[in-house]
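Going by the numbering used here, the sequence shown opens with residue 210, and the numbers climb by one from there.
These notes concern the structure reproduced below.
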Amino acid sequence: MDHFLPHTEDELKEMFFRIGVKDFSELLKTIPPELLLKKELNLPVSLSELEALAQLKETSYKNRSEDCYTCFMGGGAYDHFIPAAVDAIISRSEFYTAYTPYQAEVSQGTLQAIYEYQSMICALTGMDAANASHYDGATALAEAMYLACNQTRREKVLVSEGVNPHYRQVMETYAHASGIDVITIPLKNGLTDSDLSGYDLTSVAAVMIQSPNFLGVIEDIVAFSQPVHDTKALLTVSVDPISLALLEAPGNLGADIVTGEGQGLGNALNYGGPYLGIFAVKKPLMRRLPGRIIGATVDNQGRRGFVMTLQTREQHIRRDKATSNICTNESLCALAACVTLELLGEEGLKEMAELCLQKAHYLADNICAIEGFELAYKQPFFKEFAVRYTGEVEKLTDKLADKGFLVGPGLVRFSDDWKDLLLFAVTEKRTKVEMDRLVETLRSIA
């Protein structure tokens with residue numbers, strides 16, 4: 210047998226004989242002749258496995274991973290530490306799929322892991338129920354918009370300008386197809402303007418904010434709770450789950466729906482995906498929660514077991530009755546988050562969050578001591594902050610990349626109002642030596 214090819218010439222002849230044809234061309238008789246390719250494909254000379262691997266390796270050297278740089282980039286994806294045990298556990302053959310565990314009786318390990326993930330998300334967010342996962346933070350927020358509109362039977366949402374612009378783009382796509390009116394609440398000194406008196410909230414399904422927001426600022430969630438609930442609208446908050454080790458859970462501050470991006474919990478940057486969408490709600494909204502919920506039960510012999518309790522998606526019920534048409538989930542990414550949280554424990558997660566907080570403020574203080582830089586907003590922030598720079602932001606990020614530092618993104622790509630702003634994010638991985646080197650580099654090239 211040829212290497213990597215399933216059939217030799219003799220095997221092909223035998224198969225043609227068995228099915229009653231002379232050669233492969235007879236299998237194509239049903240295709241009109243004018244649609245058939247009549248020339249040889251311009252393909253390179255075939256390579257052996259050794260040669261192919263060498264060529265692929267050479268091509269891969271054109272890429273530069275975060276390992277080649279010191280990463281201070283933010284904007285929704287973060288360079289957090291991943292314990293070695295995470296990849297070791299999720300790569301076990303029993304776990305290594307994101308597919309739905311349809312047969313509960315033979316999927317107890319997977320179902321238990323998802324159940325534990327849901328339980329920890331509920332504990333972090335202060336909510337009553339969490340689903341098994343969503344694609345990412347953007348789709349989770351967009352599906353929260355759907356949930357709010359279905360629950361309130363209203364077709365308008367207010368979304369903060371401080372919500373990640375990529376999330377808002379996904380929301381706009383969802384809204385366009387569904388006839389939902391998305392209205393932007395402007396920022397005021399880095400915070401979402403909490404004065405909602407200029408909006409008719411009786412026609413609004415949800416007010417949607419992000420905290421910490423895209424500029425890194427921690428929002429005042431409580432300020433939105435009463436005016437939103439007085440008109441029977443819903444309050445949705447998109448969060449960084451790591452920040453909740455230090456900040457009050459949004460469920461305790463009046464949030465009805467909490468979504469977020471779980472990439473920082475055990476999931477690598479991965480060229481932008483796959484990531485982990487977090488989605489949790491209060492009990493009155495549980496039956497509208499998209500995706501699926503894993504629950505614990507007892508079988509007829511009194512043994513504890515895990516099952517898919519609610520499955521309000523189109524594969525399990527009538528398509529027009531489904532709360533979501535997302536057809537799979539991110540269970541493997543959720544498992545990585547689950548393993549990370551269990552390895553860290555409550556105190557470990559808190560320490561991780563404290564390191565992010567302390568290091569981010571150390572770097573912000575030192576950068577803003579350089580002439581030409583200042584903190585854009587004098588507001589509380591967690592691990593990310595926006596700096597106002599008097600020079601050209603894009604040129605600065607390019608120069609820093611040449612020096613081995615990834616920073617940004619520059620925010621002019623999202624809004625002309627942010628043309629002089631640059632984001633910095635600091636995770637627990639960054640050391641004082643790395644931060645001091647960045648500051649010295651900025652001082653020398655800015």
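Beta carbons: idealized from backbone N, C-alpha and C, even for Gly.
Which value, in whole angstroms, describes the spacing of the CA atoms of residue i and residue j?
i	j	result
residue 210	residue 218	Any reading at residue 210 needs caution, since the residue's pLDDT is 44, under 50, leaving its predicted position unreliable; the model's value is listed next. C-alpha separation (whole angstroms): 9 Å.
residue 443	residue 378	21 Å
residue 421	residue 601	26 Å
residue 228	residue 237	14 Å
residue 395	residue 401	6 Å
residue 632	residue 519	40 Å
residue 257	residue 267	15 Å
residue 190	residue 542	It is not possible to answer for residue 190, since the shown part of the chain is limited to 210 through 655.
residue 624	residue 398	15 Å
residue 409	residue 356	20 Å
residue 597	residue 622	15 Å
residue 336	residue 280	33 Å
residue 383	residue 329	29 Å
residue 387	residue 380	11 Å
residue 226	residue 220	10 Å
residue 556	residue 390	43 Å
residue 626	residue 370	12 Å
residue 486	residue 302	23 Å
residue 539	residue 433	31 Å
residue 483	residue 509	39 Å
residue 276	residue 241	53 Å
residue 599	residue 578	14 Å
residue 514	residue 456	34 Å
residue 346	residue 288	16 Å
residue 647	residue 324	42 Å
residue 561	residue 451	8 Å
residue 658	residue 429	Past the edges of the chain, shown from 210 to 655, lies residue 658, and the structure says nothing about it.
residue 462	residue 342	23 Å
residue 413	residue 215	60 Å
residue 458	residue 642	33 Å
In the DSSP output, what is residue i paired with across the bridge?
i	result
residue 470	486
residue 630	597
residue 505	515
residue 583	597
residue 397	400
residue 415	366, 443
residue 375	DSSP output for residue 375 lists no bridge partner at all.
residue 343	486
Figure out for me which residue from the options has the closest Cα to the Cα of residue i.
i	options	result
residue 419	567, 360, 393	393
residue 652	581, 616, 588	581
residue 546	243, 215, 592, 291	291
residue 494	511, 630, 353, 544	353
residue 299	280, 270, 322, 314	322
residue 245	233, 326, 498, 389	233
residue 296	599, 548, 360	548
residue 306	253, 544, 465, 294	544
residue 205	373, 515, 516	The structure shown has nothing for residue 205, since the chain only spans 210 to 655.
residue 552	270, 326, 276	326
residue 417	346, 368, 458	368
residue 473	235, 645, 481	481
residue 497	437, 333, 358, 283	358
residue 312	511, 567, 503	503
residue 468	478, 454, 285, 490	490
residue 438	475, 365, 464	464
residue 630	618, 405, 500	618
residue 376	351, 364, 385	351
Could you give the DSSP three-state label for residue i: helix, strand or coil?
i	result
residue 606	helix
residue 280	strand
residue 517	strand
residue 621	helix
residue 445	strand
residue 257	coil
residue 382	helix
residue 336	coil
residue 424	coil
residue 269	helix
residue 225	helix
residue 645	helix
residue 438	helix
Just to confirm, does residue i get its C-beta within under 8 Å of one of the non-hydrogen atoms of the ligand ATP?
i	result
residue 326	With respect to small molecules bound, the structure shown includes none, and the ligand ATP cannot be examined in it.
Within a Cβ cutoff of 8 Å, which residues of the same chain sit near residue i, ignoring the five residues on either side of it in sequence?
i	result
residue 654	605, 608, 609, 612
residue 645	575
Given residue i, which residues of its chain have a CB within under 7 Å of its CB, disregarding the five upstream and five downstream residues?
i	result
residue 594	425, 569, 573, 584, 633
residue 441	361
Taking 6 Å as the limit between beta carbons, can you name the residues of its chain near residue i, skipping five residues before and five after?
i	result
residue 565	592, 636, 637
residue 339	327, 330, 331, 489
I'd like to know whether the C-beta of residue i is nearer than 9 Å to at least one C-beta of chain C.
i	result
residue 464	Given the protein chain composition of this structure (a single chain), no chain C is represented.
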